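Asks:
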Ligand code: SF4
């Protein structure tokens, strides 16, 4: 299976696939703190159809200009909130309103002011905690501080209550993992506690090739798939995530193993699609 997964990576780790991934937007910024701000927005809006989702992310970041972190820090939490409420008044992406994103970025400004360097310090396990414990703690705090809207609740799942936390997992993969295409700029976060960002594509293909037998794409399934991938690559289990998700995102997986449609897929010899 490892050879087939490596072949899948070779097929999908391409500029064309990256152009259809929300990470392409943070990667445009040269400055690490600007990348963090762009990633904080992009990861949490990463749901729904790709093209309009990418436009929605661009729409939130446009008012912040070429240096989003400096724009936010110069204004402080209250000024950033006021400025973004006005700038994003007509913006909407499915569950999220412009008001939600103004509060989301104002929260980044508060957390950044406390740490002096963005969000990493807020997500580090402390006092015997796990990394999921730290994420759970931060999200509990933000649920108490942010308005109780559908969009913001959607951003703040609890990993300790069994949620897959796909968009937080994606943000963490981007910030921590050092291999292509990730940013790898958080060096203190425990990389060995990263969990795969479980989207519908990854869940489906993981079942087809026996990485999980679970039916529900929840936190337990994400942990099981991560553990299965770690057995194939102890150092970098999440290295397979981009390829597994883009097999689905690019529309290349019919969901039933059939020839000739599946012939180009490196997983065809081990896939049980249509039988699981
Ligand atoms: S259904 Fe086809 S394309 Fe999808 S994982 Fe299986 S072999 Fe690959």
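Residue numbers (this note's numbering): 40 to 315.
Note that beta-carbon positions come from the ideal geometry of N, C-alpha and C, so glycine has one too.
Keep in mind that this is a model prediction, so the values were computed, not measured.
Consider the C-beta atom of residue 229 and the heavy atoms of ligand 1; say whether any pair is separated by less than 8 Å.
Replies: In the chain shown, the residue the question calls residue 229 occupies position 190. No, the beta carbon of residue 229 sits no closer than 8 Å to any heavy atom of ligand 1.
Asks: So, helix, strand or coil for residue 217, using DSSP?
Replies: If you number the chain shown from 1, residue 217 lands on position 178. Coil, per DSSP.
Asks: Does residue 254 pass the burial test, meaning 16 or more other C-beta atoms within 10 Å, or should it be called exposed?
Replies: As a working mapping, residue 254 is identified with position 215 in the chain shown. By the 10 Å Cβ count, residue 254 comes out exposed.
Asks: Is it the case that the Cβ atoms of residue 122 and residue 102 are separated by a distance below 9 Å?
Replies: On the chain shown, position 83 is the one that residue 122 refers to. On the chain shown, position 63 is the one that residue 102 refers to. Their beta carbons are under 9 Å apart, which means residue 122 touches residue 102 by this criterion.
Asks: What are the start and end residues of the alpha helix (DSSP H) that includes residue 122?
Replies: Along the chain shown, one-based indexing puts residue 122 at 83. Unbroken alpha helix (DSSP H) run through residue 122: 107 to 126.
Asks: Relative to the C-alpha of residue 218, which residue among 177, 274 and 203 is closest?
Replies: To locate residue 218, count along the chain shown from 1; it is residue 179. The candidate whose alpha carbon is nearest that of residue 218 is 274.
Asks: Using alpha carbons as the reference points, say which of 287, 286 and 268 lies closest to residue 278.
Replies: Working through the chain shown from its first residue, we reach residue 278 at position 239. Out of 287, 286 and 268, 268 has the C-alpha closest to the C-alpha of residue 278.
Asks: Cβ atoms of residue 132 and residue 84: under 9 Å apart, would you say?
Replies: To locate residue 84, count along the chain shown from 1; it is residue 45. To locate residue 132, count along the chain shown from 1; it is residue 93. In this structure, residue 132 lies closer than 9 Å to residue 84 by Cβ.
Asks: On the three-pair Cβ rule with 8 Å, is the segment 72 to 81 touching the segment 93 to 108?
Replies: The segment 72 to 81, when compared against the segment 93 to 108, does touch it at the 8 Å Cβ threshold.
Asks: Sort out for me which residues DSSP pairs residue 136 with in a bridge.
Replies: Position 97 of the chain shown, counting from 1, holds the residue named residue 136. According to DSSP, which records beta bridges pairwise, residue 136 is partnered with 131.
Asks: Within this structure, are the beta carbons of residue 227 and residue 160 separated by less than 9 Å?
Replies: Locating residue 227 in the chain shown gives position 188, counting from the first residue. Locating residue 160 in the chain shown gives position 121, counting from the first residue. The answer is yes: Cβ separation under 9 Å.
Asks: What number of angstroms, rounded off, separates the C-alpha of residue 173 from the C-alpha of residue 298?
Replies: Position 134 of the chain shown, counted from the start, is the residue given in the question as residue 173. Position 259 of the chain shown, counted from the start, is the residue given in the question as residue 298. Cα to Cα, the separation comes out at about 46 Å.
Asks: Please go through the segment 254 to 294 and give each complete alpha helix (DSSP H) segment of 4 or more residues, from N-terminal end onward.
Replies: Whole alpha helix (DSSP H) segments, 4+ residues: 258 to 271 and 280 to 288.
Asks: Can you tell me the Cα-Cα spacing of residue 207 and residue 236, whole angstroms?
Replies: The residue labelled residue 207 in the question sits at position 168 within the chain shown. The residue labelled residue 236 in the question sits at position 197 within the chain shown. Going by the C-alpha atoms only, they are around 8 Å apart.
Asks: Can the beta-carbon of residue 124 be found closer than 9 Å to that of residue 141?
Replies: On the chain shown, residue 124 is found 85 positions in, with the first residue counted as 1. On the chain shown, residue 141 is found 102 positions in, with the first residue counted as 1. Closer than 9 Å, so yes.
Asks: Could you have a look at residue 227 and say whether DSSP puts it in helix, strand or coil?
Replies: The residue given as residue 227 occupies position 188 in the chain shown. DSSP places residue 227 in coil when its eight states are reduced to three.
Asks: Measuring alpha carbon to alpha carbon, tell me which residue in 234, 86, 52 and 211 is nearest residue 74.
Replies: Walking along the chain shown from the start, residue 74 turns up at place 35. Closest option to residue 74, Cα to Cα, is 211.
Asks: Got a sec? Which residues, its chain only, sit under 6 Å from residue 48 by beta carbon, not counting five neighbours each side?
Replies: Against the chain shown, residue 48 aligns to sequence position 9. Excluding positions up to five away in sequence, the list reads 282.
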